[in-house]
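Have a look at the structure below, then the notes.
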Amino acid sequence: IEGQLIIESYLNNLSLLPSLDNVKTIFKIDSNNKYLISVLKLIKLNKNIEFIIDDHNYFNNKYLGKIVLSTTTINLARLGLKYNLKELNSFYQELSDVMELTKNQLLQRYELQANKYNENFKYLFKNNLLIDAEKLEDNQKIRKVLRHGILRIGFVGLLECVKSILEETKESSSKQIYDLSLDILMFMNNKIKDFQNDNKLDFELEETNNYHIKKELKALDKSIYGTKIINKKEIYEQLNTIYKGLSLKEILKITNLVNDKIIIPKTDITQQKIIDLYNNMIKENIKYGLIKIE
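Start counting the sequence shown at 507; every next residue gets the next number (my numbering).
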């Protein structure tokens, strides 16, 4: 009962406040959530709310007490410009080599960080915010805490990569683009799993959303290949631009590989759509999904 009163009070106060751009509310739902209609109304009022759909208690076992130690971004668009469909084996071989290089770079950074001492990061460790932080003694290296951290391999330009490989024409179908995108992500995800097993560390694959990184990498590619080959847009496209027209099942296959958000237009948000997403995730045994309304 106390929990219900807190939730109801929070939602009521959120409705009275102006839109809080720097304060995000993450709302966990299930198929019978009685607060869903209230939350949908708040979204319509431009409140900064995202949904977590989770049947396995995400906060207990994935990110709580962890930090992202390092991130390195791979420019897939550059790779795609070098190959076509007949050369897919060569493309995957180079992608494998680049991921190995990225892994080694992240491991080198990890070693530099792990050899630091507790005293170098007093604020970070003094409040036991991270897993095993309470076990650190004075003048002790922080390796035992950082081994729970995340080594992230990011990527940009997947769509441009796929379109280059397909030598996109008007005949190129959205299914071809989706299928090859999914194959590349599955290949990268399998490499990530190998890195985790071989090194007993938490590697993660995620699309890089940093505007400046996407802009800089695209500018470099334009300087090499020119604007006749690279389109004139300022940054590389986000992966979610291919979601239009896809089934929920197809979208979830991709978002589950790269911890991506499912983005729903505000004009299209309904209680039934959220419930349908929830049911599809349970059916596909997807443990975590984040829905953003914009």
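Every residue, glycine too, gets a C-beta built ideally from N, C-alpha and C.
Classified as buried, S687 has 16 or more neighbouring CB atoms from the shown chains inside 10 Å of its CB.
Contact between K553 and T531 holds: CB atoms are separated by about 7 Å, below the 8 Å threshold.
In this structure, the beta-carbon distance from L607 to L585 does not fall below 8 Å.
A contact between stretches requires three or more CB pairs, one per stretch, nearer than 8 Å, and the region 708-718 meets this requirement with the region 652-669.
If you ignore the 5 residues before and after N621, its C-beta comes within less than 8 Å of the C-beta of K647, R649, all in its own chain and listed in chain order. Considering only I535, I555, G509, Y541, the residue with the shortest C-alpha distance to P524 is I555. Note on I512: under 16 other CB atoms within 10 angstroms of its CB, so exposed under the neighbour-count rule. For L657, the uninterrupted beta strand (DSSP E) segment begins and ends at 656-662. Per the coordinates, the alpha-carbon of S670 lies some 22 Å from the alpha-carbon of I659. The beta-carbon separation of L723 and N581, rounded to 5 Å, stays under the 8 Å limit for a contact. For G751, same chain residues with a beta-carbon under 8 Å away, outside a window of 5 residues either side, are S680 in chain order.
Excluding residues up to 5 positions away in sequence, I580, L585 lie with their Cβ nearer than 8 Å to the Cβ of V604 in the same chain. DSSP places F533 in no alpha helix (DSSP H) but in the uninterrupted beta strand (DSSP E) bounded by 531-535. Per DSSP, reduced to three states, the secondary structure at D727 is helical. Bridge pairing for E712: G660 [DSSP]. Per the C-alpha coordinates, the member of Q510, R653, I683 positioned closest to E756 is I683. N595: member of the alpha helix (DSSP H) spanning 594-620, first to last residue. The continuous alpha helix (DSSP H) containing I690 extends over residues 680-705. In the displayed model, N785 falls within a helix according to three-state DSSP. In the displayed model, E666 falls within a helix according to three-state DSSP.
Under DSSP, the beta-bridge partners assigned to Y623 are K647. Boundaries of the beta strand (DSSP E) harbouring S576: 574-581, taken from the DSSP string. Counting C-beta atoms within 10 angstroms of its own C-beta, T761 has 16 or more neighbours from the protein chains shown and is therefore classed as buried.
The alpha-carbon of F557 is positioned some 29 Å away from that of R653.
The alpha carbon of T578 has as its nearest neighbour, out of K699, S596, L594, Y616, the alpha carbon of Y616. For I736, same chain residues with a beta-carbon under 6 Å away, outside a window of 5 residues either side, are D727, K728 in chain order.
Boundaries of the alpha helix (DSSP H) harbouring S544: 542-550, taken from the DSSP string. Counting other Cβ atoms within 10 Å of its Cβ, G655 reaches 16 or more and is therefore classed as buried.
Going by DSSP, K628 is part of the alpha helix (DSSP H) stretching over 628-632. Straight across, the Cα-Cα distance linking A583 with I637 is about 37 Å.
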